[in-house]
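So the structure is just underneath, and the comments pick up after that.
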Amino acid sequence: MPFTIACDFHWIEKKGVVLVHNVMPMLTEEKLKAYIEVLHDATKSWGIDEAHYFKVIFPVKSMPFLEYILMNLK
Numbered sequence: 057m058p059f060t061i062a063c064d065f066h067w068i069e070k071k072g073v074v075l076v077h078n079v080m081p082m083l084t085e086e087k088l089k090a091y092i093e094v095l096h097d098a099t100k101s102w103g104i105d106e107a108h109y110f111k112v113i114f115p116v117k118s119m120p121f122l123e124y125i126l127m128n129l130k
């Protein structure tokens, strides 16, 4: 369900949707990994020719953790 919601932007008039995280969400590591995986899959589901785009931004200091998560996706 979360993946579907993150991919369904046909009703939004704006072309771009950007989800900005000023801090990492306060979730358990397991839930944070699942959250990042859902966001990753959602951003990848939009093709170049799509009418909308979805970008996710995290704080720079969270980069090592995000790289670790993304390198170990199922």
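If you read the sequence shown in the working numbering, its first letter stands for residue 57, the second for the next number, and so on. The beta-carbon is built from N, C-alpha and C at its ideal position, and this holds for glycine as well. Fair warning: this is a prediction, and the values are worked out from it, not measured in the lab.
Contacts around residue i, its chain only, beta-carbon distance under 6 Å, and the 5 residues preceding and following it disregarded
i    : result
Y109 : G72 and W102
K89  : I125
Classification of residue i by the beta-carbon crowding that lies within 10 angstroms, buried from 16 upward
i    : result
I113 : exposed
Close-in-space but distant-in-sequence residues of the same chain around residue i (CB under 8 Å, 5 per side omitted)
i    : result
L129 : E93 and H96
Cut-off 7 Å between Cβ atoms - residues of its own chain near residue i, not counting five sequence neighbours on either side
i   : result
V76 : I113
P81 : L88 and Y91
Residue range of the alpha helix (DSSP H) that includes residue i
i    : result
K117 : That residue, K117, is in no alpha helix (DSSP H); it is neither H nor E in DSSP.
L88  : E85 to S101
Minimum C-alpha distance to residue i - residue among the options
i    : options          : result
K117 : V79, K70 and L83 : V79
Start-to-end residues for the beta strand (DSSP E) that takes in residue i
i   : result
L75 : G72 to V76
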